[in-house]
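In the numbering used here, the protein residues as written are 26 to 675.
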Amino acid sequence: MSRSRLSAAGLALLLLTSTAPAALAQDGPGAAPPALPISLPPIPAVRDVAYPGVIRLDVDATNLSQHIFDVTETIPVAQTGPMTLFFPEWLPGNHGPVGPIAQPAGLEITANGQRVEWVRDTLHPFAFHIDVPAGATEIVARMQHLSPTAGAQGRITMTPEMLNIQWEKMLLYPAGHWSRNITLQPSVKLPTGWAFGTALEPETKDGDVQTFKPVNLEVLIDSPMFAGLHYRQIDLDPGGRSPVRANFVADRAASLEATDEQIQTLRNLVTQMDRLYGARHFDHYDFLIAMTDKLGGIGLEHHRSSENSVDPEFFTGWDTHLGDRDLLSHEMNHSWDGKWRRPADQYVPNFNTPLQNSLLWVYEGQTQYYGQVIAARSGLLTKQQAMDSLAMTAATYDTRVGREWRAMQDTTNDPIISQRQPKGWLSWQRDEDYYSEGQLIWLDVDTTIRERTNGRKSLDDFARAFYGIEDGSYDPKPYTFEDVVAALNGVGERLGDVPADAAGRARARRAAGRPGARRLAADLRRDAQRLSEDALQGAEAQRLHLFAGLPDGDSNNIRSVQWGSPAFKAGLAIGMEIVAVNGRAADADGIAEAITAAKDPATPVELIVKDGDQYRTIRFDYHDGLRYPRLERIEGTPDRLGDILTPRRR
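Shown next as structure tokens:
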């Protein structure tokens, strides 16, 4: 009798596995696959039609101690029956399918006060299927966005002093519509006494709840918020044609203390951007800047704003903290290059349509170039600091042996292939080299134009012709590779084949394999065998082991090994720990001293390394000493790089 009683759980299991016997009976060559136990409706095709009504998105960001954002979203519906909601997957600026689908939790959907069941699509896990019940005019989705509480879980977006709201991580949106045709009105409840910066325009304020004007989904996701207890806003374009503001939040109030000279340098940045492009494609621009050791790091571009994390001593340690100096110029440059003008294969209808990255060597590479150039022109970097950075970049790619088998163009696929995860053998595998090798490509193009026109034309002329048009236009203007070539050709209509030659060089370089980086600039020479030992200081000097493949940074753990280097051939690998060098306990100074002593061909380098629970003694011959890249002028040539880095007066 007991066999006739079946629990609800048992019945569900039986139903879900009821196709198994049929599948087993058909096992063998040509057998049909088993039927899926659940039949899901298709995801609607994207149509360029307006979504009816305005979606209300309300975020409660007051649970600081547990790092939890509570989200309530009210979505109007025009009909009953099947409906698909998307969580954004392909994120602009991230260049890949990296939407943090694991962070939203507690999803509950209701209509007319009754629970509506949802089912995740098994082939497209960012899609949720529901059935809208009869009589419903709206559905309400409630969930929590769980900020990581430790760095190992992901990027921390909430601390006791500040937070970062990125709307794409806190909403669902109706499938079947272009993003620009879906209108939302967001509101945020912040902790009492906090202030915020965002490109969104405030509408009303009720206590701690700030409501913003309605915008379409594309603009909303492109308009994040920084908010904090310690906040300061600085006007970077007083009396200018449109507001440009720096919105700072900090771990502590003292970090916000800026000198007049530092503020002027930030204002110079805006001035030099204007002089480069001559047009603005924003009605206002907001730098969002977190001065923090606690909030997760970020550098992300948007059309009317940018998200930037800098050292807490960005102002108070101005002379020694150089690592963040070109971040602001890089991200602001993207307002022109990447956001207003964006690659055509990045211009997709919604945030669940795959992006293609074939032109990232323009989008990011040219921005990497102008990011450092504008940093130098504005005073964020000195001319020497900019040249030292460029020397390190040239040295890196002169020794990036992965260029032997993998073209730079292929690295534009890395955000999709590896989703920006660290790689073990970086020098051989390559990783998003379209940034810095792309920078060298555009240096090559710039110097080529300058050289062959005797300084009459430069890449600045291309920038103004390509990005500085249609002043005041905000709608995206996509471009193709052919558009880039045409604009380069158009820079010098009466200058023969100079721009065409520059375009051809850009085309060749993006697909190139192993050409030496020293050939990328017509007026520069970097002798890899005779590098000055006092050319670089501070953070740059920590990379002095690049060529030998020994540890970089302030740890004895090996974090990188140059593929094919003496260290590689001796058997060193990432993750090993150097315990001793030449019979003495290892530290950074001791390793440097051993490498210097080994310039004598009779003196080897001897290491004791710990590999897991095993110890090994490794001897290898490396006699080139410490190597610090620098740039050297070629005698008798114009100072083209000096001119590139000089502030523009008009």
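Backbone N, C-alpha and C define an ideal beta-carbon position, used for all residues, glycine too.
Other residues of its chain near residue i: CB distance less than 6 Å, five sequence neighbours each side excluded
i, result
"residue 110", "153 and 197"
"residue 304", "493 and 496"
"residue 222", "251, 272, 311 and 313"
"residue 381", "370"
"residue 628", "622"
"residue 189", "182 and 251"
"residue 323", "332 and 334"
"residue 308", "267"
"residue 458", "433 and 436"
"residue 670", "401, 408 and 411"
"residue 258", "270 and 272"
"residue 113", "124, 193 and 376"
Inter-residue spacing [alpha-carbon to alpha-carbon] between residue i and residue j
i, j, result
"residue 356", "residue 183", "22 Å"
"residue 385", "residue 437", "6 Å"
"residue 107", "residue 403", "55 Å"
"residue 73", "residue 371", "17 Å"
"residue 236", "residue 83", "9 Å"
"residue 618", "residue 651", "9 Å"
"residue 582", "residue 612", "10 Å"
"residue 674", "residue 300", "8 Å"
"residue 556", "residue 655", "Unreliable placement is indicated for residue 556, whose pLDDT of 28 sits below 50; the coordinate value is still reported in the next sentence. Each residue's Cα considered, the two are about 7 Å apart."
"residue 52", "residue 147", "The pLDDT assigned to residue 52 is 49, lower than 50, so where the model puts this residue is not dependable, and the model offers no usable value."
"residue 170", "residue 375", "21 Å"
"residue 125", "residue 134", "20 Å"
"residue 285", "residue 344", "15 Å"
"residue 454", "residue 640", "28 Å"
"residue 421", "residue 227", "46 Å"
"residue 460", "residue 643", "36 Å"
"residue 180", "residue 168", "19 Å"
"residue 400", "residue 585", "29 Å"
"residue 199", "residue 132", "16 Å"
"residue 599", "residue 589", "14 Å"
"residue 365", "residue 482", "24 Å"
"residue 116", "residue 122", "7 Å"
"residue 659", "residue 667", "13 Å"
"residue 637", "residue 602", "9 Å"
"residue 298", "residue 606", "49 Å"
"residue 504", "residue 383", "12 Å"
For residue i, the nearest candidate out of the options (CA to CA)
i, options, result
"residue 156", "211, 207, 102 and 326", "102"
"residue 78", "376, 645, 510 and 162", "162"
"residue 14", "388, 270, 640 and 334", "Nothing can be reported for residue 14: it is not among the residues displayed for the chain, which extend from 26 to 675."
"residue 500", "592, 459, 466 and 361", "361"
"residue 512", "503, 450 and 491", "491"
"residue 604", "424, 89, 635 and 391", "635"
"residue 130", "97, 120 and 138", "97"
"residue 664", "144, 289, 475 and 595", "475"
"residue 624", "645, 608 and 609", "645"
"residue 69", "203, 92, 351 and 415", "203"
"residue 238", "211, 158 and 263", "211"
"residue 64", "88, 144 and 193", "144"
"residue 350", "470, 359 and 294", "294"
"residue 389", "354, 450 and 405", "354"
"residue 158", "138, 174, 609 and 90", "138"
"residue 75", "456, 615 and 207", "207"
"residue 424", "462, 444, 214 and 442", "462"
Anticipated Cβ contact below 8 Å, residue i with residue j, distance rounded
i, j, result
"residue 12", "residue 105", "Here the chain has residues from 26 to 675 only, and residue 12 is not among them."
"residue 411", "residue 397", "6 Å"
"residue 281", "residue 240", "Wrong, their Cβ atoms sit about 29 Å apart, outside the cutoff."
"residue 440", "residue 120", "4 Å"
"residue 243", "residue 292", "No, residue 243 and residue 292 are not in contact; Cβ-Cβ is about 30 Å, not under 8 Å."
"residue 118", "residue 325", "5 Å"
"residue 248", "residue 330", "6 Å"
"residue 164", "residue 136", "5 Å"
"residue 341", "residue 416", "That pair is no contact at about 28 Å."
"residue 71", "residue 201", "6 Å"
Contact set for residue i: own chain, Cβ-Cβ below 8 Å, skip 5 residues either direction
i, result
"residue 187", "251, 252, 253, 254, 255, 274, 275, 276, 315, 317, 319 and 320"
"residue 217", "233"
"residue 127", "none"
Contact with chain C by residue i, beta-carbon distance below 7 Å
i, result
"residue 102", "In summary, chain C is missing from the structure at hand, where a single protein chain is found."
Closer than 6 Å: residue i CB and nearest the ligand GTP heavy atom
i, result
"residue 262", "Summarising the ligand content, the structure contains no ligands, and the ligand GTP is consequently not present."
Chain-order list of residues whose beta-carbon lies under 7 Å from that of residue i (same chain, five-residue window excluded)
i, result
"residue 480", "663"
"residue 487", "512, 513 and 516"
"residue 363", "326, 388 and 392"
Handout entry: Validate contact between the stretch 503 to 518 and the stretch 360 to 371 using beta carbons, cut 8 Å, 3 pairs
Key = yes
Exercise for the section: Evaluate the contact criterion for the stretch 232 to 248 versus the stretch 273 to 286: three or more CB pairs, one atom per stretch, below 8 Å. Expected result: no
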